[in-house]
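J.: The opening residue of the sequence shown carries number 51 in the numbering used here; numbering runs sequentially from there.
Take this structure first; my questions come after.
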Amino acid sequence: MRVSEERGKKRVTIDQGEYYATRGNEIISTLLGSCVACCLWDPVSRTMGMNHFLLANRRFSKAMPVIVSEAGRYGIQAMELLINEMLKLGANRYLLKAKVFGGGNVLNLPDNQTPFAAVGDINGRFVREFLDNENIPILASNLGGTTGRVIHFDGDDFSVYMKRIAKASQLSVAMEEKRYFEDQVRRRARAEAESKAHDDADSNVHIW
């Protein structure tokens, strides 16, 4: 997370796995490839926030709702962390509105070539499913495609300014996200293995 000044206002730039919420008249920015950013705001309390997340899983099922998948659990956590931070600042969950962006296939690979190739689509599906389940209306969206995006969420009137990134910058964004994706998959595989080992140890009962 980086803080700077833009047109006399505080600007906070978030990266993968981060989120930020505020009641100030600020700008929240991020750079997206396959990742998704959800911009939320409560127009009454004027609380706003944004997250930047990527669902990482070794395999995805196109038939299964993403929200109930293993990857969906981590997406739900990313959304709840942002929402809970906004609630602490005075937002009303029932007044929240959303704008969502990202989820591009920035490597432009066929879905069956690598799990990472499908991540953009999976992220877009997840955020729509989550917001629909939570009855949070999506007032604007720009998801999918094959290009990355820079977005700026402005606290003046909760507008989002979006610019597609140039091809020259896109490959570096895609490769950084791919590294992040693979690192998250490894971390979760280790966590699953440790949890299974712990469960096996707990089930090993000796009676004498």
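Note that CB positions come from ideal geometry on N, CA and C, so glycine has one too.
A quick note: this is a predicted structure, and the numbers were derived from the prediction, not measured.
Do the CB positions of ASP135 and ALA87 come within less than 8 Å of each other?
T.: Per the sequence shown, residue 135 should be read as Glu rather than Asp. No.
J.: Considering ASN192, what are the terminal residues of the beta strand (DSSP E) in which it resides?
T.: Counting along the chain, the beta strand (DSSP E) containing ASN192 begins and ends at 188-193.
J.: In terms of residues, what are the limits of the beta strand (DSSP E) holding ILE78?
T.: Its beta strand (DSSP E) spans residues 77-82.
J.: What number of angstroms, rounded off, separates the C-alpha of ALA128 from the C-alpha of LEU105?
T.: Going by the C-alpha atoms only, they are around 10 Å apart.
J.: Taking contact to mean at least 3 C-beta pairs separated by less than 8 Å, is the segment 169-176 in contact with the segment 204-216?
T.: These segments do not touch.
J.: Got a sec? Which residues, its chain only, sit under 6 Å from THR197 by beta carbon, not counting five neighbours each side?
T.: GLY154 and ARG214, listed in sequence order.
J.: Quick check on this structure: which residue in ALA224, LYS228, ASP233 and ARG96 has the alpha carbon closest to the alpha carbon of ASP207?
T.: Measuring from the Cα of ASP207, the nearest candidate turns out to be ARG96.
J.: Just the Cα atoms here: how many angstroms apart are SER191 and GLU179?
T.: Cα to Cα, SER191 sits roughly 14 Å from GLU179.
J.: On the DSSP bridge list, what partners appear for THR72?
T.: Looking at the DSSP assignment, THR72 forms a beta bridge with MET98.
J.: Could you pull out every residue in the same chain whose Cβ sits closer than 7 Å to the Cβ of ILE64, ignoring the five residues on either side in sequence?
T.: Contacts found: MET51, TYR70, ILE78, THR80, MET100 and HIS102.
J.: Among ASP92, TYR124 and GLY195, which one has its Cα closest to the Cα of LYS138?
T.: Ranking the options by Cα distance to LYS138, first place goes to ASP92.
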